[in-house]
Amino acid sequence: MTTPTRAVVLGGGWAGMLTAHVLSRHLESVTVVERDVLPDGPRHRKGQPQAHHVHVLWSSGAGIVERLLPETTDRLLAAGARRIGFQSDLVTLTAWGWQYRFPASAHAMMCTRPLLDWVVRSGILSRGAVRVEQGTEVVELAGDRTRVTGVRVRDTDGGAPRLLEADLVVDATGRASRLGHWLGALGLPGVEQDVVDAGIGYATRMFKAPDGASAAFPAVQVAADPLTRQPGRFGVVYPQEGGRWLVTLTSTRGAPLPAREDEFEAFAKGLRHQVVSDLMSVAEPVGPVFQSHSGANRRLYPERMPQWPEGLLILGDSLAAFNPVYGHGMSSAARAADALDTELARGALTGGGTRQVQRALAAVVDDPWIMAGLNDIQYVNCRNLSSDPRLTGPDIAERLKFSDFVSGKSIRSRQVCEVATQVLSLNAPQKSLGEARFLSLLHSDTTLDELRVPPFRDGELESVGLRPYGAAARGVLG
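Every position in the sequence shown, counted from 1, becomes a number in the numbering used here once 3 is added.
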């Protein structure tokens, strides 16, 4: 094979569409195979049940999407998405106390997942360079253990399998990927896998925000405290398009997950602070409670395979899926698309090179993988089925101690918070936390007094019909 000209992308979600768009910049023909019939608008679809829960697009991912697909940010904002500055536009109770609302050093786009998908998907498909086969499922990969030459598919409502020939096949089918089965049919062994599973479950309900909740009302987060050695309970209230709030409640293994409306309210009241419950009390529910239990961190290592077929790549949640509470999935997929774009631009696939490109995709997921893993192994009952020495080695206690120190410092120290937020948002590499400048900041940056109440600005709580919890403006800087 010389330069590839035809690609098939398996999966028409966020990762699949961004990948298809990148491929269309370099190849002559790009086809997306999607099992669902994609909605003609920002609506939910059957094959994406997790879309009912909160999603954020960090500025690292949003910047890549904007570069690949100009005007996406403007279209999201015009449709009602909120641009939330971290930490200026949030009220957050961390495991170490209330976070000061320092001036933003990163941001995230907040809106429903269907809106995010629709804006990006419609922007890509309107260009006419990507073809989508909807209502189509994958039967098997074509080729052999040395090279993939396409994929056999069939209509979901029946019919004989048919071959889609391709020089490159990309698995972007997500957590439900059947990659192991497809590789086995080619005579290849399974891919090495690591799992860190804290037993995360999600329960979400949509609310109509009070009339007084302006576009400036902050997002709210109440995190669990793993140091108590009790099952974790989280709660967030995130602004969405259409004057709505999305409330997601989260538990780790050992804590019950609410399924009914009364259980939802009771769970919120049992969080470490009442603010989520209080906000729910002044909002109007506009939908049922949705549950999900797909929160385990899982990473595959195709780059370690002794043999990997040319013409096959995996990315997105098929390659590495993270606990959604950290919001890294969508930005990681955008970063993977960007890495693929870079590799294609320099001709990495000319004459082969699939393994080299897969290594570049693996590098993209390393930082979010280790951040999510380190956080989740602290929860009681977490199942750490990882061979990654950074999550299992003899120095793990020191790693956790340092992580806790940084987190505790960042909530009250502005410059430390700036660096930590850049890392959390994937705008800066995790190695930044080990550089001399940052280590010096940990000791030299001013540490402000501990906050005793949620740092709402003057008038914010009153605007939604609630009384302040204390001195409203304290903790809001810049």
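The C-beta atom is built at its ideal place from N, Cα and C for all residues, glycine as well.
Looking at the backbone, the Cα of residue 311 and that of residue 107 are separated by about 43 angstroms. Under the DSSP assignment, residue 429 falls outside any beta strand (DSSP E); it carries neither an H nor an E label. In the three-state DSSP reduction, residue 101 falls in the strand class (E or B). Listed as beta-bridge partners of residue 220 by DSSP are no residues whatsoever. Looking at the backbone, the Cα of residue 38 and that of residue 341 are separated by about 25 angstroms. Contact fails between the segment 154-172 and the segment 92-112, because fewer than three Cβ pairs, one in each stretch, are under 8 angstroms apart. DSSP places residue 346 outside any beta strand (DSSP E); the residue lies instead in the alpha helix (DSSP H), whose first and last residues are 332-348. In this structure the segment 447-467 does not touch the segment 388-406; the number of beta carbon pairs closer than 8 angstroms is below three. Contact between residue 316 and residue 144 fails: their C-beta atoms lie close to 12 angstroms from each other, not under 8 angstroms.
Taking the C-beta atoms as reference points, residue 67 is found no nearer than 7 angstroms to residue 222.
Residue 138 is classed as exposed because its beta carbon has fewer than 16 other beta carbons within 10 Å across all chains shown. When C-alpha distances from residue 213 are compared across 385, 191 and 245, the shortest belongs to 245. Around the Cβ of residue 442, a 10 Å sphere holds fewer than 16 other Cβ atoms; the residue is exposed. Between residue 304 and residue 375, the C-beta gap is not smaller than 7 angstroms, which leaves the two residues out of contact. Under the DSSP definition of a beta bridge, residue 109 partners with 89. Residue 387 sits in a strand when the DSSP states are folded into three classes. In this structure, residue 197 sits near residue 391, with a CB-CB distance shorter than 7 angstroms.
Nearest in C-alpha terms to residue 57, of all of 333, 465, 360 and 284, is 333. Take the alpha-carbon of residue 211 and the one of residue 404: they are about 41 angstroms apart. Pairing residue 321 with residue 174, the inter-Cα distance amounts to about 7 angstroms.
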